[in-house]
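Chemist: Quick mapping for you: the protein sequence lines, in order, are chains B and C. With full-length UniProt numbering applied, the first sequence corresponds to residues 1 to 462, in that order. With full-length UniProt numbering applied, the second sequence corresponds to residues 1 to 462, in that order. Take this structure first; my questions come after.
Number of protein chains: 2
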Amino acid sequence: MDEARRGGRRPRPGLKLLLFLHASLFLNVFFFCYLVLSRHQPPPGWARSAARDAEAVAAIDCSGHGRAFPAGGGLPACECNACYSGDDCSRLLLDCPADAGSEDPLFLEPYWQQHASTSSIVLPGWQCMSSPTMGGDFISAELDRHVRLLHRAAENAITDGKFILFGSEVAELLHALVHALSADNASSSPACLVASAPHNPVSILQFNSFGRRQHECIGIRSNYVKGSVSPATKIIEYVTSPNDPDGLLQQSVLGGSAVIHDHAYYWPHYSSIPAPADEDIMLFTISKISGHAGIRLWWAVIKDQKTYQKAAEYMSLNTMVVSCDVQLRVVKLIRVVIAEMGKGGDIFEFGYRTLKTRWSKLHKLISSSNRFSIQPLLPRHCNYFKKIRDPSPAYAWLKCDVEEDKDCYAVLKKSGITSRSGELFEANSHYTRLSLVKTEDDFDLLTMRMEALVSKESIASS
Amino acid sequence: MDEARRGGRRPRPGLKLLLFLHASLFLNVFFFCYLVLSRHQPPPGWARSAARDAEAVAAIDCSGHGRAFPAGGGLPACECNACYSGDDCSRLLLDCPADAGSEDPLFLEPYWQQHASTSSIVLPGWQCMSSPTMGGDFISAELDRHVRLLHRAAENAITDGKFILFGSEVAELLHALVHALSADNASSSPACLVASAPHNPVSILQFNSFGRRQHECIGIRSNYVKGSVSPATKIIEYVTSPNDPDGLLQQSVLGGSAVIHDHAYYWPHYSSIPAPADEDIMLFTISKISGHAGIRLWWAVIKDQKTYQKAAEYMSLNTMVVSCDVQLRVVKLIRVVIAEMGKGGDIFEFGYRTLKTRWSKLHKLISSSNRFSIQPLLPRHCNYFKKIRDPSPAYAWLKCDVEEDKDCYAVLKKSGITSRSGELFEANSHYTRLSLVKTEDDFDLLTMRMEALVSKESIASS
């Protein structure tokens, strides 16, 4: 009986275990589902949804010939490189001219794609609701600090004890500087901004059309030497070094009282840096450093406090301020550039390697030609790389050597290459400028068309 | 024997179950740890780390009296509201003047904080590497489209069949427009930009200092009426409606051939919208709509194609382009504004409620005074809200009624209130402008100081 009772009472083996197991398995199913499903739900945190959207856009396949943007209704779309089309930029357009005219430094785009996670920035909806007071507010103070750090790290300019003035366009800074450098005010005693040909007059043209009456003469050195200027006029020399178009390092040649040095290209990817620049007034822009031509930011490094104050006053009076978004973005980009310097991800190393390869390809091609030639550039020691470096200019300054090729731009145009005529640089039309800073697609098309041109030549001669 | 063997062979009850259980429990622990730990690890995806950083910065406690920014070395810091200080902006500064001078529409900051997840944007490191070609590229086409959608949704302006020109500053657009409106070119036949007092001459001052020689006269109507202008001069009237400082809706009064309508404040949070504006040339800016004074973007809605083309040409010649970052950000903000319209999150409703409350508080306070008065504003029907709405102006146009209070600005200054003197609006110094669009902190301090002033009065009179 007892036995039986005990037998009857004895629980079936592992019943509790079974219950445990079921509970545990249920938990596992729950956790598993949670993990799987949560991948398809917006991650927690307000900024995460913006991140997810951005990742979704970036994941769009543009066949390596374009970039995706969030388009209308949130649907993203590809913006294709020149000569590519289709929803995914996969179609190469026939007879599409190679674009060697534009100055957008898209050769650095892959660099930033490689540094996506460190270089991307989230702008919260409530940021930038106060009007920027350049130098006065938090962000612009950070911008100033980072620009100084960058110059120190790149060893291309001395900023200690100097003042930095920021503007969206070079024309703004030129207005402010000429205003500050002229006696009392620009209208009473006109100033004359002169540059030596060949030079890229874009900034000077802007300047001209702005203040035509305000500033007496704008032009190239030869004009000036001809004595087209009244002795009362203040001469301000505009020196671009490395020079656009030919990439040569330049010095002031007029010995005028005031010189503005445009050092937009004085960075290790474009040029050797013999020594840090230390002139009284130096101009730089983010677009040539990081390659972001879409971000409008220039700055002037100014030695003299009075000049700085006058220029700053002029700019604030004209509310020439830089959007807070732009300032935040540039600070972020500069941080990445500095953090990666001297490491595997050095942007100057990346840029130098890319442009050096492009230059040597083109150089090899042109040297086999009797019809064309490009500017002679020699290897030079670079203070940044601490070694002799090969040339890696942003542009090739191409010359049509044959007499009948008077209009070199037209010669290339006829062969499907868009360049910038020498005349736009106040130089001879036997010259034209080829841009080497665009996408790999653009450069490949350029070399393809140049090869065709040069080979035609050899066929003709044989 | 068999029995025994069988007995020996018989597995202990639930051994397999036990093994199962252990395995399963192990999985429980694994999943649990994964879930918990993953909250402290950067989420996968390149944009997530940027999101995490932004969330970390936003989480900084600035005591509700400031906002945090990522500072040097990635360490964030608080930028405090006026009159607050300390690492966490918790310290109220004594004898700090109430800022009623500034125009930053920070009253909308809480709106964007409430819409953090939808209004924030990620800018990938590789974005914006091409120079913007306004209207030509992908982003600026999107910007144009969204601006039209916004005007249609807000019912404040008709853009169909019109052209939109974008610029960073109003001065840029004014240059381009006057250039386009003047015969052939601005220098040959000068133009005269005139406005009626009281008006906010900031934009006109900018304009003036830019093109002093290029455009003959800049000034207020009275100057013009005095016949200070040669008959050859083209008159361009500048009408601000709602007017800054007094918030009144204005019409053209000169009947001149060309009128530029500044509708920066013609939005439902500041004013009733009797009907969509449909003038030939209308100016707007994002900073008054969304409150982002740090984002520099203005646009002109232009009816005549020739005028648009001339103006656009002038701007592109002077590379007056809007940074790509700014364009992306504005498109995002406009998307949120449109998506929330007519719902609980309507920015116009939010802005209207805030400013209406501030105006009525101030109005009540001033009406108990014999020394001060403010502009009379009446409830009006609003086409957007489809109802009669109370006044909610951006500014109070305060008058010191007592004869001895000749300098109303100084009177307030002495009582710790910073305003903008009527003289800056080419008006009588008995007037001064009080800004109602700043933070709640600023407004509270303003009312506190005004109460003190008014109560002094009643003590004096009793």
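C-beta atoms are modelled at their ideal positions from N, C-alpha and C, and glycine is treated no differently.
Could you please tell me which residues of the segment 93-105 of chain C, in chain order, have their CB closer than 9 Å to any CB of chain B?
Modeler: For the segment 93-105 of chain C, which is checked against every Cβ of chain B, the residues closer than 9 Å are SER102, GLU103, ASP104, PRO105.
Chemist: Using 7 Å as the cut-off, classify the Cβ of ASP280 of chain B as near or not near the heavy atoms of the ligand ADP, replying yes or no.
Modeler: This structure lacks the ligand ADP, and indeed carries no ligand of any kind.
Chemist: Over the uninterrupted beta strand (DSSP E) stretch that includes SER455 of chain B, give me the two end residues.
Modeler: Taken as a continuous stretch (DSSP letters only), SER455 of chain B belongs to no beta strand (DSSP E), being part of the alpha helix (DSSP H) at 440-461.
Chemist: Which chain B residues sit within Cβ distance under 9 Å of TRP112 of chain C?
Modeler: Per Cβ cutoff of 9 Å: PRO124, GLY125, TRP126, GLN127, MET129.
Chemist: Excluding five sequence neighbours on each side, which residues of the same chain lie with their C-beta closer than 6 Å to the C-beta of HIS261 of chain C?
Modeler: Contacts found: VAL239, GLU279, MET282.
Chemist: Among C:SER392, C:GLY344, C:ARG335, which has the Cα closest to the Cα of HIS381 of chain C?
Modeler: Per the Cα distances, C:SER392.
Chemist: I need the DSSP call for LEU248 of chain C, collapsed to helix, strand or coil.
Modeler: In this structure, LEU248 of chain C counts as coil in the three-state DSSP scheme.
Chemist: May I have the straight-line CA-CA distance separating GLN251 of chain B from LEU446 of chain C, to the nearest angstrom?
Modeler: Cα-Cα distance, rounded: 57 Å.
Chemist: For the segment 89-107 of chain C against the segment 76-83 of chain B, are there 3 or more C-beta pairs whose distance is under 8 Å?
Modeler: Flag = no, the segment 89-107 of chain C and the segment 76-83 of chain B do not touch.
Chemist: Are there three or more Cβ pairs, one per stretch, closer than 8 Å when the segment 139-147 of chain C is compared with the segment 301-308 of chain B?
Modeler: The segment 139-147 of chain C is not in contact with the segment 301-308 of chain B.
Chemist: Taking 8 Å as the CB-CB limit, is GLY294 of chain C close to chain B?
Modeler: Chain B contact via Cβ: present.
Chemist: Start and end of the alpha helix (DSSP H) containing ALA50 of chain C?
Modeler: Element bounds for ALA50 of chain C: 46-58.
Chemist: At 7 Å on the CB atoms, spell out the chain C contacts of SER120 of chain B, in chain order.
Modeler: Ordered by position in chain C, the residues that pass the 7 Å Cβ test against SER120 of chain B are TRP46, ALA47, ALA50, VAL122, LEU123, PRO124, GLY125.
Chemist: Suppose you measure from the CA of ARG358 of chain C to the CA of LEU453 of chain C; what does that come to, to the nearest Å?
Modeler: Taking the straight line from one Cα to the other gives about 18 Å.
Chemist: Please list the partners that HIS115 of chain C has in chain B, where partner means a Cβ-to-Cβ separation under 7 Å.
Modeler: GLY125, listed in chain order.
Chemist: Are there 16 or more other CB atoms within 10 angstroms of the CB of residue 469 of chain B, so buried, or fewer, so exposed?
Modeler: Examination of residue 469 of chain B is not possible in this model, given that chain B is present from 1 through 462 alone.
Chemist: Taking the beta carbon of ASN370 of chain B as the centre, do at least 16 other beta carbons fall within 10 Å, making it buried, or is it exposed?
Modeler: Flag for ASN370 of chain B reads exposed.
Chemist: Could you check where the beta strand (DSSP E) with TYR352 of chain B kicks off and where it finishes?
Modeler: TYR352 of chain B -> not in any beta strand (DSSP E); alpha helix (DSSP H) instead, spanning 347-367.
Chemist: Less than 8 Å separating the beta-carbons of TYR265 of chain C and LYS288 of chain C?
Modeler: In contact: TYR265 of chain C and LYS288 of chain C (Cβ atoms closer than 8 Å).
Chemist: Verify the CB distance criterion: does GLU109 of chain C have a CB-CB separation below 8 Å to chain B?
Modeler: Yes, GLU109 of chain C counts as interfacial toward chain B.
Chemist: Quick one: is SER131 of chain C buried, meaning 16 or more other Cβ sit within 10 Å of its Cβ, or exposed?
Modeler: Classification for SER131 of chain C: buried.
Chemist: For CYS324 of chain B, return the contacting residues in chain C, with the cut-off set at a CB-CB distance below 9 Å.
Modeler: Near CYS324 of chain B (Cβ distances below 9 Å), the residues of chain C are HIS292, ALA293, GLY294, ILE295, ARG296.
Chemist: Just curious, the alpha helix (DSSP H) that residue 513 of chain C is in, first and last residue?
Modeler: As shown, chain C starts at 1 and ends at 462. That puts residue 513 of chain C outside it, with no answer to give.
Chemist: Tell me the residue span of the alpha helix (DSSP H) that contains ILE289 of chain C.
Modeler: Per DSSP, ILE289 of chain C belongs to the alpha helix (DSSP H) from 286-290.
Chemist: Give the residues of chain C in contact with ALA58 of chain B, contact being defined as C-beta atoms less than 7 Å apart.
Modeler: Result: PRO124.
Chemist: Under the rule that 16 or more other beta-carbon atoms within 10 Å means buried, what is VAL194 of chain B, buried or exposed?
Modeler: That one is buried.
Chemist: Indicate the three-state DSSP secondary structure (helix, strand or coil) for HIS261 of chain C in the structure shown.
Modeler: It is a strand residue.
Chemist: Within the 8 Å Cβ cut-off, does GLU79 of chain C reach chain B?
Modeler: True, the Cβ-Cβ gap to chain B drops below 8 Å.
Chemist: Could you round the C-beta distance between GLY101 of chain B and SER455 of chain B to whole angstroms and report it? I think they count as a contact, below 8 Å.
Modeler: About 23 Å separates the two Cβ atoms, so there is no contact after all.
Chemist: Can you tell which of B:LYS356, B:LEU398, B:PRO268 has its C-alpha closest to the C-alpha of SER429 of chain B?
Modeler: When each option's Cα is compared against that of SER429 of chain B, the closest is B:LEU398.
Chemist: Roughly how many whole angstroms lie between the Cα atoms of ILE273 of chain C and PHE348 of chain C?
Modeler: Their backbone Cα atoms lie some 12 Å apart in a straight line.
Chemist: Taking 7 Å as the limit between beta carbons, can you name the residues of its chain near MET341 of chain B, skipping five residues before and five after?
Modeler: So the list reads ALA153, once near-sequence residues are dropped.
Chemist: What are the boundary residues of the alpha helix (DSSP H) that SER316 of chain B is part of?
Modeler: Start and end: 305-317.
Chemist: Check the C-beta distance from ALA293 of chain B over to ALA51 of chain C and give it rounded, since I have them as a contact under 8 Å.
Modeler: The Cβ separation is near 27 Å, so there is no contact.
Chemist: Counting only the same chain and skipping the five closest in sequence on each side, list residues whose C-beta sits under 6 Å from that of SER461 of chain B.
Modeler: Within the same chain, SER461 of chain B has no close Cβ partners at all.
Chemist: Quick check on the DSSP output: the beta strand (DSSP E) that includes HIS381 of chain C runs from which residue to which?
Modeler: Where HIS381 of chain C is concerned, the enclosing beta strand (DSSP E) stretches over 380-382.
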